[in-house]
Amino acid sequence: MNLVYNFTPRGARIRPYLTAGFGVAGFKPTAKGLQEARALDPTFHTAGLRSSIEPAANYGGGVKFHLSEHFGVRLDARGFWSPNPGFGLPTSSTNGIYIPSGKHQNGLQATLGVVIYIGQTAVPAPPAPPAPAPLNAGSITGGEGTLCQGKPITLHSTASDPSGHTLSYAWKLNGAPSGTNSADFSFTPNNGGDFTVDVTVSDSTNTSRTATAGPITLHVQEYAEPQITSISATPTELSCSADPTGTHTSNLSGQATGSACGGNLTYKWTVSEGSVTNDTTPNATFDASTLSFEGGAQGQAKTVTATLTVTDETGKSASRTTDIAVKCPPRYVRLPDIVFAKNNARVNNCGKRVLIDEAAPRVSGGDYDILLVGHVDSDERLNAPGRGRGRAAHRLDEQRVLNSAAVLTGGGATCAKVDPSRIKVDWVGTDQTSTPDPGLCGTSNRASQKERKGSEVSGADKNRRVEVYLIPRNSQTVPPAAKNMRPLPEREVRAMGCPK
1 MNLVYNFTPR GARIRPYLTA GFGVAGFKPT AKGLQEARAL DPTFHTAGLR SSIEPAANYG
61 GGVKFHLSEH FGVRLDARGF WSPNPGFGLP TSSTNGIYIP SGKHQNGLQA TLGVVIYIGQ
121 TAVPAPPAPP APAPLNAGSI TGGEGTLCQG KPITLHSTAS DPSGHTLSYA WKLNGAPSGT
181 NSADFSFTPN NGGDFTVDVT VSDSTNTSRT ATAGPITLHV QEYAEPQITS ISATPTELSC
241 SADPTGTHTS NLSGQATGSA CGGNLTYKWT VSEGSVTNDT TPNATFDAST LSFEGGAQGQ
301 AKTVTATLTV TDETGKSASR TTDIAVKCPP RYVRLPDIVF AKNNARVNNC GKRVLIDEAA
361 PRVSGGDYDI LLVGHVDSDE RLNAPGRGRG RAAHRLDEQR VLNSAAVLTG GGATCAKVDP
421 SRIKVDWVGT DQTSTPDPGL CGTSNRASQK ERKGSEVSGA DKNRRVEVYL IPRNSQTVPP
481 AAKNMRPLPE REVRAMGCPK
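So that you can map any letter, position 343 of the sequence shown is 343 in our numbering, and since no number is skipped, the others follow by simple counting.
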């Protein structure tokens, strides 16, 4: 029995080989040798000569030549080894024939043979398929930009398999399994800080093929609600529109902070009264001109509250307020104008009703003085008719003022009795700075009056007038119609008495 090692695969045209084996070897004496052994003297102990079988080994090599599909030739050379055959003879003797034990013999054999191949020529086995390329772990995307507490974060794995097999995904968040078997992974952090994420992908057809991307570290910022750090109004005290020399506007300013997770801040200013411009910016302007104050002899004040509200993109907001004081000095009150007939300085009955019934009672409490401002129309003569020999004529607008003052101070049954020191006067000619407000009778405000011939008036006479104002005592505010307000010439007016 031999073992053979071939240097080329089965089916090769030339197949060199080595061989080694073991078996038995038979040794047989020749017939002539047997005859001669029996003929010898028995003392030589040759009578038992016979065949002998001994263990044997062989070794060597050769080469096979595959000449056609079924035939070939073989050349080989082998060495043989076996113990000496005993042939049934003694292994020792002093006077006879023997074969020593423990000896061996070697042989050499060269052969040339024909090889017959049965069946088909062996086809070489196909080469083993190449190992698949490793998985591409790719990267984890989606963790860029500002990451915020309470807002979902979605990550994506770009892993791929060069073999085109479907991948399985195993995500970990902070070392713990999380998410689903998907290339996308979403979670919502409930606090700020650092979060680690990694993903292991595997071939769904061969789970031993794996690759891991990450871990990556996500820096999550905490959300902070907006805060208003400062708010101010400059100045904090304003004047109402009735005070033309005062300050009517205030600069509103606010500063606020938010957080990167809150996004951009929006600003909104509101006031309890009045108006605001640029109300959606950190710096706005408050205007007190539109505040309403009741007319009166006493000064008034209001406190206006300005509120700044700041809102971030999540809808969270913060508000702060600041107060502004708006002061209004005592205000004058305008009564209806006394209207005169053309080129006439006489106060008619309708004008007396305005002076006696409306103006005189208002000064009785001591809070107001009266201001009378005289006018003439552009088609009237400037001077009033003469007042007698030796008495110089007044201007028409002046005379209208003096006659109106006499009605207020003359006393008696048909005039009021106002202290002349409480009356201030001015006359401005054809100037019509103020809009006429004719106090006509026969309207819903004032009953119709019977007038002397030549004293009747209508709306066409509205510029022939005396304006009547109630001025708060000690007030420095003067109506625009008055150009040179002065005290009433008391002696002259007293001398006139109560005009008819």
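C-beta: ideal position from N, C-alpha, C; glycine also.
Asked	Found
What residues match up with I423 in a beta bridge as DSSP calls it?	I370
Please classify N344 as buried or exposed, where buried requires at least 16 neighbouring CB atoms within 10 angstroms.	buried
Taking DSSP as the reference, what is the three-state secondary structure of F44?	helix
Tell me V271's beta-bridge partners as DSSP assigns them.	A306
What is the DSSP secondary structure of E358, reduced to helix, strand or coil?	helix
In terms of residue numbering, what span does the beta strand (DSSP E) encompassing A318 cover?	S317 to C328
For the structure I just gave you, are there three or more beta carbon pairs, one from the region 206 to 217 and one from the region 225 to 233, closer than 8 angstroms?	no
Could you tell me the boundaries of the alpha helix (DSSP H) in which D461 lies?	Neither: D461 is in no alpha helix (DSSP H) and is coded neither H nor E.
For D437, which option in G497, G459 and K316 has the closest C-alpha, if you only look at C-alpha atoms?	G459
Go to V199, then tell me how far its beta strand (DSSP E) extends in each direction, as first and last residue.	G193 to D203
Measure the CB-CB distance between D431 and H394 and report whether it falls below 8 angstroms.	no
Return the residue from the list V428, V326, C148 and D161 that minimises the CA-CA distance to E222.	C148
Note the first and the last residue of the continuous beta strand (DSSP E) segment covering V401.	Premise fails: V401 lies in the alpha helix (DSSP H), L396 to T409, not in any beta strand (DSSP E).
Need the endpoints of the alpha helix (DSSP H) that G351 sits in, please.	N349 to R353
Where does E467 land, buried or exposed, given buried means 16+ other C-beta within 10 angstroms?	buried
Using 8 angstroms as the cut-off, can you tell me whether the region 305 to 316 makes contact with the region 247 to 265, which would need three or more C-beta pairs spanning the two stretches below that distance?	yes
Excluding the five sequence neighbours on either side, which residues of its own chain have a C-beta within less than 8 angstroms of the C-beta of G429, listed in chain order?	H375, V376, L382, R395 and D397
Taking the C-alpha atoms as reference points, what is the distance between N58 and A39?	36 angstroms
Taking the CB atoms as reference points, tell me whether P336 and V347 lie closer together than 8 angstroms.	no
Are the C-beta atoms of G61 and some chain D residue less than 8 angstroms apart?	In summary, chain D is missing from the structure at hand, where a single protein chain is found.
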